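In this text, residue positions in the sequence shown follow the working numbering: the first is 8, and each later residue adds one. We treat Cβ as the ideally placed atom computed from N, Cα and C, and that holds for glycine. Just so we're clear, the structure is a prediction, and the values are computed from it rather than from any experiment. See structure below.
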Amino acid sequence: MAERVLIAGCGGVGNALGARLLADGCEVWGIRRNVSALAAGIHPWPVDLTDPDSFRSPPTQFDYVFYTASADRRDESSYRAAYVGGLRDLLQALGAAGSPMKRVFFTSSTAVYGQRNGEWVDERSVTEPARFNGHILLEAESIVRALDFGVAVRLSGIYGPGRARLIRKVWTKEAQATDSWTNRIHVEDCGAVLHHLMRLDTPANLYLGSDDAPATTAEVVTWMSEQLGVAAPPTADAPSSNKRCRNTLLRDTGYQFVYPTFREGYAPIIKDFLQNPR
């Protein structure tokens, strides 16, 4: 029998994961309000994660659960409803329905780190977030990591096709070259990382998901300007140096990035942008 997998909050990351699971022969279900945006082959479960009454009757029992939801708005109540309430209530509903749930994965964020002076961070680093979103994500992580079968994955800045905001800023000469560190992961690597961790016999309960090469904003936008054929952005001071994410634990599991640095990931996006600058 095919493994049954639920992706709750099946947006860009969920669809990237779902495509890999389908290729693996899994039966994949996706929760999102707009089910028409689910990738082909993913079965829709059209419920509202902030309304526990809407998912009291799961369509089947699930072997694996991926909680990849995001908040509708960037305010504290929306974050709490999406990340803590939705996660807790969904797990309770699935447990009550008898889902075996061999493994539960939660996509968190590197916003849980408060380091701002260029420090390297990993899974063992102190988490003292500066804003409410980081605190709420840590609370959600604790729900998953308290399970014997729970895994939290802290993703850095997600980019990929359709996310050309920084490219556009370089193109329109609005970008600035600062020495602040940036960390990112391509949306396809997000899906690939989650699929890879699902197939491990004994994964850790926490991983940091970020590519191989933290880079300063200056390094990224200067390279982009060269690819776009426009003038390099002017240098500017940054209010902080941010942090640098180390992915050693993830790499030690044998994972190899599809897009190991921003150059490999942004190159096809820039090529597409140049066909129709906007």
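When you compare each of the options to residue i by their alpha carbons, which one comes out closest?
| i | options | result |
| --- | --- | --- |
| Val-54 | Gly-216, Val-91, Pro-284 and Pro-65 | Pro-65 |
| Arg-161 | Lys-180, Glu-181 and Phe-112 | Phe-112 |
| Ala-26 | Ala-78, Pro-241, Arg-63 and Asp-196 | Asp-196 |
| Thr-185 | Gly-198, Ala-171 and Ala-222 | Ala-222 |
| Asn-190 | Gly-164, Trp-52, Gly-169 and Ala-76 | Gly-164 |
| Ile-143 | Phe-62, Arg-11 and Arg-81 | Arg-81 |
| Gly-216 | Val-228, Thr-268, Gln-99 and Cys-252 | Cys-252 |
| Ala-89 | Arg-110, Thr-134, Ala-137 and Glu-148 | Glu-148 |
| Tyr-214 | Gly-21, Ser-187, Asp-129 and Leu-94 | Asp-129 |
| Phe-269 | Phe-280, Thr-255, Ala-243 and Gly-167 | Gly-167 |
| Pro-57 | Ala-159, Ala-76 and Leu-101 | Position check: residue 57 holds Thr in this sequence, whereas Pro was assumed. Per the Cα distances, Ala-76. |
| Ile-150 | Gly-236, Val-237 and Thr-114 | Thr-114 |
| Ala-239 | Thr-255, Lys-176 and Pro-275 | Lys-176 |
| Ala-47 | Pro-59, Phe-62 and Ala-23 | Ala-23 |
| Leu-28 | Phe-62, Leu-97, Val-72 and Arg-95 | Val-72 |
| Phe-62 | Val-42, Ser-84, Gly-93 and Asp-79 | Gly-93 |
| Ala-91 | Ala-118, Arg-110, Asn-140 and His-50 | Here residue 91 is Val; the residue named in the question, Ala, does not match the sequence. The candidate whose alpha carbon is nearest that of Val-91 is Asn-140. |
| Glu-34 | Pro-51, Ala-9 and Trp-188 | Ala-9 |
| Val-194 | Val-265, Ile-174 and Trp-188 | Val-265 |
| Thr-242 | Ile-192, Glu-226 and Thr-255 | Glu-226 |
| Gly-169 | Ile-277, Ala-30 and His-50 | Ile-277 |
| Ser-116 | Leu-101, Ala-100, Thr-134 and Asp-219 | Thr-134 |
| Glu-174 | Pro-284, Ala-220 and Gly-198 | One detail in the question is off: residue 174 reads as Ile in this sequence, not Glu. Considering only alpha carbons, the answer is Pro-284. |
| Asp-31 | Asp-60, Thr-255, Ala-199 and Asn-254 | Ala-199 |
| Ala-100 | Asp-219, Trp-188, Asn-254 and Pro-59 | Pro-59 |
Along the chain, where does the beta strand (DSSP E) that runs through residue i open and close?
| i | result |
| --- | --- |
| Leu-162 | 157–162 |
| Cys-197 | Per DSSP, Cys-197 belongs to no beta strand (DSSP E); it is in the alpha helix (DSSP H), 194–205. |
| Tyr-214 | 213–216 |
Give me the DSSP bridge partner(s) of residue i.
| i | result |
| --- | --- |
| Val-12 | Val-35 and Tyr-71 |
| Glu-135 | Beta-bridge pairing links Glu-135 to no other residue. |
| Ser-114 | According to the sequence shown, residue 114 is Thr rather than Ser. Paired residue(s): Val-160. |
| Thr-189 | Ala-222 |
| Asp-127 | Correcting the residue identity first, residue 127 is Trp in this sequence and not Asp. Its beta-bridge partners are Arg-251. |
| Pro-51 | Gly-37 |
| Ala-78 | None, per the DSSP bridge assignment. |
| Tyr-120 | Tyr-120 is not bridged to any residue. |
| Ala-184 | Thr-242 |
| Ile-165 | Ile-192 |
With residue i as the anchor, note down where its alpha helix (DSSP H) starts and where it stops.
| i | result |
| --- | --- |
| Lys-278 | 269–282 |
| Asn-22 | 19–30 |
| Val-265 | That residue, Val-265, is in no alpha helix (DSSP H); it is neither H nor E in DSSP. |
| Ser-84 | 83–86 |
| Val-91 | Counting along the chain, Val-91 falls outside any alpha helix (DSSP H), and DSSP gives it neither H nor E. |
| Leu-45 | Careful: Leu-45 lies outside any alpha helix (DSSP H) and carries neither H nor E. |
| Lys-109 | No alpha helix (DSSP H) holds Lys-109; DSSP gives it neither H nor E. |
| Leu-173 | 172–178 |
Using 8 Å as the limit for Cβ to Cβ distance, is residue i near chain C?
| i | result |
| --- | --- |
| Tyr-90 | Judged by its chain identifiers, the structure shown contains no chain C, having just a single protein chain. |
**Study point:** contact_flag[the region 209–221, the region 175–186] where n(CB pairs < 8 Å) is 3 or more
**Key:** no
Check your understanding: With contact counted as at least three CB pairs below 8 Å, one residue from each stretch, are the region 243–250 and the region 119–133 in contact?
Key -> yes
Review point. Can you find at least 3 beta carbon pairs, one from the region 97–108 and one from the region 67–87, that sit closer than 8 Å?
Key: yes
Review point. For the 8 Å Cβ check, are there 3 or more pairs between the region 36–50 and the region 11–19?
Key: yes
Review point. Would you say the region 259–272 touches the region 198–207, given that touching needs at least three Cβ pairs under 8 Å?
Key: yes
Check your understanding: On the three-pair Cβ rule with 8 Å, is the region 152–159 touching the region 228–241?
Key -> no
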